[in-house]
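Peer 1: Below: one structure in structure tokens.
Protein chains in written order, with our numbering: chain A, 1 to 245; chain B, 1 to 383.
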């Protein structure tokens with residue numbers, strides 16, 4: 001196991017160290033005293049496990065293709081941009097524009113997330129990304145979503161804010177969004193249908209949430225006690241008349 | 001457009017540095033900017049004066065958000081010995097301009113003190129305008145009748161900026177000051193020795209100008225009287241805001257959208273008497289569809305506000321911080337197109353573009369949160 005003290009280190013040097021360690025066959029790396037360094041985990045392949053202590057900077061795990069990143073605190077904006085494979089586990093909150101164009105792999109967040117999470121995610125059959133959020137999300141959750149799975153849990157019952165913001169699934173044309181509790185139709189894009197999950201859905205949820213609960217030592221039965229709604233794109237051309245008059 | 005950039009503004013190793021106005025007069029002014037800037041601010045609610053060292057450290061962590069074409073700092077509580085005087089910071093293209101501006105000041109103000117703003121040689125800042133500060137008070141006879149003192153000062157700032165070619169007032173408040181220029185955050189901090197100042201409110205900014213000039217006057221903060229503003233984003237409504245402000249006598253001469261936001265605060269809060277929360281509702285007004293869902297009373301109030309102040313709405317992506325003599329406010333646009341994080345530790349409140357910029361100077365805050373879109377964080381000094 002390799003430890004790197006990132007205190008005061010410029011992102012370029014830090015990421016070079018991580019890359020060369022992985023090139024030398026290192027499988028377990030801990031980055032200590034990280035604060036704000038950009039691009040951690042970007043474009044990395046293989047199956048190394050990287051633990052980040054401190055708040056990593058923007059553009060974490062962009063184009064990542066295999067490794068597992070564990071973030072022990074909050075994380076910032078633009079995580080998992082076009083990520084292809086691997087896993088990111090965030091033990092705090094995360095910012096805006098998570099999983100932009102994400103095409104595979106898993107993003108687990110224990111806390112809240114910001115705006116535009118899961119924007120333009122895409123997936124097909126075996127190659128399908130998943131984002132699970134334990135807290136609340138801002139506006140544009142799943143905007144332009146084309147594939148994959150988004151699960152939003154709202155586990156902090158003391159949080160007075162609504163579980164999700166406005167423009168939910170706007171422009172969505174593929175994939176599925178599961179939201180724990182009720183969903184206000186007024187918040188959804190015109191193409192979004194709100195459905196009751198069927199047995200297959202519940203099986204899918206249990207499968208994904210089982211993994212999520214293991215990461216954060218949560219009880220899946222507690223989570224499943226409350227019902228879910230499933231959001232799917234149901235209209236093919238909801239804006240067909242937008243420019244027609 | 002490109003020629004203008006090359007000849008007058010971007011190239012700062014030769015020729016005029018603080019120049020810009022002449023070109024604007026010829027209709028070459030720029031009405032728009034898009035930028036990926038970084039901002040940070042802090043306030044001690046108990047008015048503990050803090051060295052500028054912390055804010056410099058916080059801003060320098062976000063060095064890569066800017067591109068070296070503008071950085072600056074504003075601080076409140078830095079001139080306790082002159083707290084009853086307006087502290088004018090003026091940049092001059094050439095020493096000769098100074099005498100023209102000083103003639104104007106002498107004719108209208110009692111001048112307590114004149115000094116060059118202390119600067120220190122920094123290799124990366126090869127050339128700079130002449131930077132002078134004045135501690136001044138309007139002459140009594142100038143305030144005869146119903147002349148409002150603040151209006152008088154604002155008019156002076158507008159007059160110098162628009163009529164004295166090559167002179168720009170970049171700070172005009174009491175017991176506060178802005179320090180800014182073309183350079184990286186660390187270089188500008190070293191140039192002005194920011195850590196030698198002590199203030200209870202600080203804001204700071206690193207700039208990434210893309211379609212307005214990266215010149216000394218275009219660096220943030222933008223200030224007027226006690227208002228100071230740092231901004232990340234693009235005010236797409238600049239043209240509408242500018243024309244609206246001009247109706248009230250403001251003159252926009254600094255070629256950057258953020259200038260409009262600074263004057264808008266002065267108009268809304270000082271002149272029209274809106275409270276800060278209401279002014280924030282004007283700048284980042286709720287969407288009509290949300291207003292339609294409000295209860296009758298709120299709907300009526302917000303409809304009136306949007307109708308009265310349609311031209312004061314800041315459209316486009318922004319996160320911004322503004323300081324004033326009683327506090328610090330952070331706000332972002334209605335659909336959260338720019339980042340803003342807030343944190344508290346004891347009597348200190350921090351706000352920045354990135355959480356790491358706060359943790360750089362406050363490793364374990366009591367509370368960290370990201371304000372939702374259009375939801376202002378309003379912090380006031382304790383009485």
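From the three backbone atoms N, C-alpha and C, an ideal C-beta is built for every residue, glycine too. Since this is a predicted model, take the numbers as computed values, not measurements.
Just to check my reading of the structure: residue 92 of chain A and residue 110 of chain A have Cβ atoms closer than 8 Å, yes? What is that Cβ distance to the nearest angstrom?
Peer 2: That belief holds up - the Cβ atoms of residue 92 of chain A and residue 110 of chain A are roughly 7 Å apart, short of 8 Å.
Peer 1: Since I believe residue 192 of chain B is in contact with residue 133 of chain B (beta carbons under 8 Å), could you give me their beta-carbon distance rounded to a whole number of angstroms?
Peer 2: So it is not a contact: roughly 11 Å between Cβ atoms.
Peer 1: For the alpha helix (DSSP H) that contains residue 224 of chain B, what are its first and last residues?
Peer 2: From DSSP, residue 224 of chain B is part of no alpha helix (DSSP H) but of the beta strand (DSSP E) over 222–224.
Peer 1: Quick one: is residue 335 of chain B near chain A, going by C-beta distance under 8 Å?
Peer 2: So yes, residue 335 of chain B belongs to the interface.
Peer 1: Just how far apart, CA to CA, sit residue 301 of chain B and residue 277 of chain B?
Peer 2: Taking the straight line from one Cα to the other gives about 13 Å.
Peer 1: Considering only C-alpha positions, which residue in the set B:262, B:247, B:197 is nearest to residue 49 of chain B?
Peer 2: Among B:262, B:247, B:197, the Cα nearest to that of residue 49 of chain B is on B:197.
Peer 1: Excluding the five sequence neighbours on either side, which residues of its own chain have a C-beta within less than 8 Å of the C-beta of residue 380 of chain B, listed in chain order?
Peer 2: The answer, listed in chain order, is 45, 326, 327.
Peer 1: Can a CB atom of chain B be found closer than 8 Å to the CB of residue 5 of chain A?
Peer 2: Taking Cβ atoms only, chain B never reaches closer than 8 Å to residue 5 of chain A, which makes this a no.
Peer 1: Near residue 132 of chain A, which residues of its chain fall below 6 Å by C-beta distance, leaving aside the five closest residues on each side in sequence?
Peer 2: Contacts found: 108, 151, 212.
Peer 1: Starting from residue 239 of chain B, trace the alpha helix (DSSP H) both ways and give me its first and last residue.
Peer 2: Here the alpha helix (DSSP H) through residue 239 of chain B covers 238–247.
Peer 1: Thinking C-alpha only, which one of B:66, B:166, B:146, B:102 is nearest residue 93 of chain B?
Peer 2: Considering only alpha carbons, the answer is B:166.
Peer 1: Within its chain, find whatever has a CB closer than 6 Å to the CB of residue 16 of chain B; leave out the 5 residues flanking it on each side and keep chain order.
Peer 2: Note that residue 16 of chain B scores a pLDDT of 38, beneath 50, so its modelled location is shaky and nothing firm can be said.
Peer 1: If you run the structure through DSSP and keep just helix, strand and coil, what is residue 211 of chain A?
Peer 2: DSSP places residue 211 of chain A in helix when its eight states are reduced to three.
Peer 1: If we call anything under 8 Å between Cβ atoms a contact, is residue 355 of chain B one with residue 55 of chain A?
Peer 2: Yes.
Peer 1: At least one CB of chain A closer than 8 Å to the CB of residue 268 of chain B: is that the case?
Peer 2: Chain A contact via Cβ: absent.
Peer 1: Pull up the DSSP beta-bridge partners for residue 246 of chain A, would you.
Peer 2: With chain A covering 1 to 245 only, the question about residue 246 of chain A has no answer from this structure.
Peer 1: Tell me which residues share the same chain as residue 26 of chain B and place their Cβ nearer than 8 Å to its Cβ, disregarding the 5 neighbours each side in the sequence.
Peer 2: Because residue 26 of chain B sits at a pLDDT of 38, beneath the cut-off of 50, its placement in the model cannot be relied upon, and the point is left open.
Peer 1: Quick one: Cα of residue 384 of chain B to Cα of residue 190 of chain B, how far?
Peer 2: Since the first residue shown for chain B is 1 and the last is 383, residue 384 of chain B is missing from the structure and cannot be characterised.
Peer 1: For chain B, check one thing: does any of its Cβ atoms lie closer than 8 Å to the Cβ of residue 239 of chain A?
Peer 2: With 8 Å as the cut-off, residue 239 of chain A does not count as an interface residue toward chain B.
Peer 1: When you compare the CB positions of residue 180 of chain B and residue 107 of chain B, do they come within less than 8 Å of one another, or not?
Peer 2: Not in contact: residue 180 of chain B and residue 107 of chain B (Cβ atoms no closer than 8 Å).
Peer 1: Need the endpoints of the alpha helix (DSSP H) that residue 65 of chain A sits in, please.
Peer 2: Here residue 65 of chain A belongs to no alpha helix (DSSP H); instead the beta strand (DSSP E) covers 65–71.
Peer 1: Do residue 329 of chain B and residue 322 of chain B count as a contact pair if the criterion is CB distance below 8 Å?
Peer 2: In this structure, residue 329 of chain B lies closer than 8 Å to residue 322 of chain B by Cβ.
Peer 1: Would you list the one or two residues that DSSP bridges to residue 429 of chain B?
Peer 2: Given a span of 1 to 383 for chain B in the structure shown, any question on residue 429 of chain B remains unanswerable.
Peer 1: Please determine, among B:369, B:370, B:363, the residue with the shortest C-alpha to C-alpha distance to residue 58 of chain B.
Peer 2: Comparing Cα-Cα distances from residue 58 of chain B to each of B:369, B:370, B:363, the minimum goes to B:363.
Peer 1: Helix, strand or coil for residue 307 of chain B per DSSP?
Peer 2: Helix.
Peer 1: For residue 44 of chain A, which of A:140, A:26, A:229 has the nearest alpha-carbon?
Peer 2: Considering only alpha carbons, the answer is A:26.
Peer 1: Hey, would you say residue 147 of chain A sits closer than 8 Å to residue 128 of chain A, going by beta carbons?
Peer 2: In contact: residue 147 of chain A and residue 128 of chain A (Cβ atoms closer than 8 Å).
Peer 1: Using a Cβ-Cβ distance cut-off of 8 Å, determine whether residue 95 of chain A contacts chain B.
Peer 2: With 8 Å as the cut-off, residue 95 of chain A counts as an interface residue toward chain B.
Peer 1: Just to confirm my understanding: we take residue 2 of chain B, look at its own chain, exclude 5 residues before and 5 after, and list those with CB closer than 8 Å. What are they?
Peer 2: Because the pLDDT at residue 2 of chain B is just 35, under 50, the model does not fix this residue reliably, and the value given afterwards should be weighed accordingly. Once the five neighbours on either side are set aside, residue 2 of chain B has no close Cβ partner at all.
Peer 1: Are the stretch 57–65 of chain A and the stretch 76–91 of chain A touching by the rule of at least three beta carbon pairs closer than 8 Å?
Peer 2: Output reads yes: the stretch 76–91 of chain A touches the stretch 57–65 of chain A.
Peer 1: Are the CB atoms of residue 179 of chain A and residue 216 of chain A nearer to each other than 8 Å?
Peer 2: Cβ distance not < 8 Å, so residue 179 of chain A and residue 216 of chain A don't count as in contact.
Peer 1: What distance in whole Å lies between the Cβ atoms of residue 193 of chain A and residue 232 of chain A, which are believed to be in contact at a cut-off of 8 Å?
Peer 2: With a Cβ gap of about 5 Å, residue 232 of chain A and residue 193 of chain A count as contacting.
Peer 1: Under 7 Å Cβ-Cβ, which residues of chain A neighbour residue 339 of chain B?
Peer 2: Those are 77, 95, 96, listed as they occur along chain A.
Peer 1: With a cut-off of 8 Å on the beta carbons, I'd call residue 177 of chain A and residue 169 of chain A a contact; round off their distance for me.
Peer 2: Yes, they are in contact, since the Cβ atoms of residue 177 of chain A and residue 169 of chain A sit about 6 Å apart, within 8 Å.
Peer 1: Residue 115 of chain A versus chain B: which residues are under 8 Å apart at the beta carbon?
Peer 2: 335, 336, 373, listed in chain order.
Peer 1: Measure the C-alpha to C-alpha separation of residue 272 of chain B and residue 259 of chain B and round it to an integer number of angstroms.
Peer 2: If I take the Cα positions, the gap works out to 19 Å.
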